[in-house]
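Protein chains in written order, with our numbering: chain A, 1 to 294; chain B, 295 to 588.
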């Protein structure tokens, strides 16, 4: 499968590119012009020319079977500047990728969505943030290509993610830092539920979905891709301690819940044929065990 | 009600601006820089500065109570160039209008959607075109503001429209031209159903919805605003002939249905408190009666 990856210089996209390269499959990554991030040997670099006709030409040159669209601006604020950024990156670029993929005769496009489009805890659309709204809006654009063209698309709504080499400022990394430093982590009351999802499972889901579409299987417009275990943050710390043999000093209730906090994440129909393979205890031990042992 | 109108130099937006001005209400129109179209006396002109912070400043200066968002690129093709245009105009500009309206403390935003987002004839999302998909995507962005901010939004999904001074190349105008010239109009088999909606009824719906939101009434995210009578194109010609006292030479079946033709338009829940007031026969007589009489 010849694959184009967007967001391939980001954390999850980078893991996906490494897996594809490891399988010996031809890979190209679409980057913003001037992006200094290196790519693995043998991976083609396509600079986004900023227009759909230009990007279509670039994609046609690579002749991909599938596009895996992970590029996204992840500004979770609600400022005027964030609106411009989110719309340019998540909708302007995303729309170009869709139009160019269709024009280049690509068979399948798999895109990363977010569970935070369902912040009311049911299947309905309820965006937690403008970021989530731009993801939903991308899905609406993809719906045109699914229905009216030969480009098959599917959106995978990802739950909270973690994995090796993930240095994003997420709760799990704050836990790990507290375990190492011994400094007390001031946290919310900690009753909100999350479903941590290992990046290897995400990578598997993208490859599985793209392969299915390229083989001509029909998939729905959107599926959940979520971790195997739903735990409160308090339970997550307990699992982390057991998995890593550490003690994490946390002061629960030291800060309030964030405004708009999702207390119970909604999980819809899971991508058929895929299931998470990495249990939470096992995953945390593998990712955080070594780092906090010594 | 102090009102900002986008698309105010277009056909429907122009009719809306004229009505607001006629009521003596303060109106500003947001235009693309360099738009040569004149505005009625007393209407403020706001040039889109191209960024959300810039547009927010401009809106704050006018202090609107409501924004009526009718601006849209209406390219119904599916070219790469159309994608760039539709996304820039309908999502880039639309997102700026939402962010700026919220920032400027606007209470209500009413936006024009399209029935062609439901091309399968039920409530589900099934975009007839990329144009319809960009309208749906705008609605997803509006959903963030509805849920998470003080800006109330509603999308009015309009059916086919007609009205005085409408010279767009629509079927009704082709009928009128054939009635005047006597030249035979080569048409499809003509069994597709439409619900022609008079622009005066659209204008009333926008003003009604904006007033309701400004007064603090709760409305749903989206409503149908459709004409009173569902007719096939064949029936439409018959009504036209009766209404205008003319004979329209049509060769039905001279051309095939368009690809993706909507045979039965879907009408969802109608904007509560509004109903179309202009019957089809009455409306056609008023709009086309004079033009084809002499």
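Just so it is clear, CB atoms sit at the ideal spot from N, CA and C, and this is done for glycine as well. Here the structure is a predicted model, which is why all the values come from computation and not from measurement.
According to DSSP, is residue 19 (chain A) part of a helix, a strand, or is it coil? helix
Just to confirm my understanding: we take residue 370 (chain B), look at its own chain, exclude 5 residues before and 5 after, and list those with CB closer than 7 Å. What are they? 423, 425
Using a Cβ-Cβ cut-off of 8 Å, state whether residue 69 (chain A) counts as contacting chain B. no
Over the uninterrupted alpha helix (DSSP H) stretch that includes residue 594 (chain B), give me the two end residues. Nothing about residue 594 (chain B) can be read from this structure; chain B reaches only from 295 to 588.
Note the first and the last residue of the continuous beta strand (DSSP E) segment covering residue 224 (chain A). 222-225
How big is the Cα-Cα spacing for residue 143 (chain A) and residue 261 (chain A)? 29 Å
Buried versus exposed, by CB contacts within 10 Å (16 or more), residue 557 (chain B): exposed
What residue from A:199, A:70, A:96 has the CA that sits closest to residue 56 (chain A)'s CA? A:96
Take every Cβ of the segment 311-325 of chain B, pair it with every Cβ of the segment 333-348 of chain B, and state whether three or more of those distances are shorter than 8 Å. yes
According to DSSP, simplified to helix, strand and coil, what is residue 452 (chain B)? strand
Buried or exposed, going by whether 16 or more other CB atoms sit within 10 Å of the CB of residue 559 (chain B)? buried
Identify the residues that DSSP records as bridge partners of residue 270 (chain A): which are they? A:224
Going by DSSP, what residues sit across from residue 491 (chain B) in a beta bridge? B:455
Would residue 367 (chain B) count as contacting chain A if we go by Cβ distances under 8 Å? no
Secondary structure of residue 292 (chain A), DSSP reduced to three states: Residue placement at residue 292 (chain A) is flagged as unreliable, the pLDDT there being 47, under the threshold of 50; a coordinate-derived value is accordingly withheld.
Could you give the first and the last residue of the continuous alpha helix (DSSP H) run that contains residue 244 (chain A)? 233-244
The segment 42-61 of chain A: positions lying closer than 7 Å to chain B by Cβ: 51, 52, 53, 56
Using three-state DSSP, classify residue 258 (chain A) as helix, strand or coil. coil
List the residues of chain A whose Cβ lies closer than 7 Å to the Cβ of residue 421 (chain B), in chain order. 143, 144, 147
Selection from A:107, A:253, A:188, A:158 that minimises the alpha carbon distance to residue 117 (chain A): A:158
Interface flag, residue 84 (chain A) vs chain B, CB-CB below 8 Å: yes
Which of helix, strand or coil DSSP assigns to residue 353 (chain B): helix
If we ignore side chains and look at the alpha-carbon of each, how far apart do residue 578 (chain B) and residue 58 (chain A) end up? 51 Å
Residue 93 (chain A) versus residue 444 (chain B): straight-line alpha-carbon distance, rounded: 29 Å
Counting pairs of Cβ atoms below 8 Å between the segment 98-108 of chain A and the segment 206-223 of chain A, do you hit three or more? yes
Here's the rule I'm using: 16 or more other beta-carbon atoms within 10 Å means buried, otherwise exposed. How should residue 360 (chain B) be labelled? buried
Range of the contiguous beta strand (DSSP E) that encloses residue 341 (chain B): 338-341
Cβ distance (whole Å) where residue 85 (chain A) is taken to contact residue 73 (chain A) below 8 Å: 5 Å
With a threshold of 8 Å between beta-carbons, can residue 576 (chain B) be considered close to chain A, or not? no
Whole-angstrom distance between residue 17 (chain A) and residue 6 (chain A), CA atom to CA atom: 10 Å
Outcome for residue 69 (chain A) when other beta-carbon atoms lying within 10 angstroms are tallied against a minimum of 16: buried
Quick one: what does DSSP say residue 185 (chain A) is sitting in, helix, strand or coil? strand
Report yes if the CB atom of residue 523 (chain B) is closer than 8 Å to the CB atom of residue 457 (chain B), and no otherwise. no
Judging by CA-CA distance, which residue of B:374, B:492, B:298, B:381 is the nearest neighbour of residue 427 (chain B)? B:381
Considering only C-alpha positions, which residue in the set A:201, A:80, A:2, A:241 is nearest to residue 344 (chain B)? A:80
Note down the Cα distance separating residue 482 (chain B) from residue 494 (chain B), rounded to an integer number of angstroms. 29 Å
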